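Note that this note's numbering has the sequence shown beginning at 14, numbered continuously upward. This report concerns only the one structure given below.
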Amino acid sequence: MPFDVRRFDIYRKIPKDLTQPTLTGAIISVCCCCFIAILFLSEFLHFINISVFIDLEWLMTLDKESKHNLFTSITQESSKDMFTVVKTLR
């Protein structure tokens with residue numbers, strides 16, 4: 014039994030019946046392309062959508078003579094930047 018080097022062949026020939034186009038393969042390919050397009054569009058629209066959240070926070074004290082501070086935080090979701098405005102009210 015001689016040693017056959019051909020069994021180490023990585024690039025073997027593919028049988029012709031595996032390379033023939035079929036209706037099932039075409040349907041699966043079209044469905045996958047549609048699914049990829051839907052995912053891409055939803056992620057793109059979520060990226061483009063700008064949403065701003067405004068949080069108001071009151072720090073109240075029991076003393077009537079003291080000042081009330083109004084803290085306003087504005088956060089833009091797409092860039093994760095936070096701006097804080099402190100305003101003193103009497």
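Positions of the beta carbon are idealized from the N, C-alpha and C atoms, including for glycine. Predicted model only: the values in this text are computed from it and were never measured.
Beyond the five residues adjoining it in sequence on each side, LEU54 comes within less than 6 Å, by CB distance, of no other residue in the same chain. Separation of ASP22 and LEU52 (C-alpha to C-alpha, rounded to the nearest whole angstrom) is 39 Å. If you draw a straight line from the Cα of ILE49 to the Cα of VAL43, it is about 10 Å long. The C-alpha of THR35 is placed about 41 Å away from the C-alpha of PRO15.
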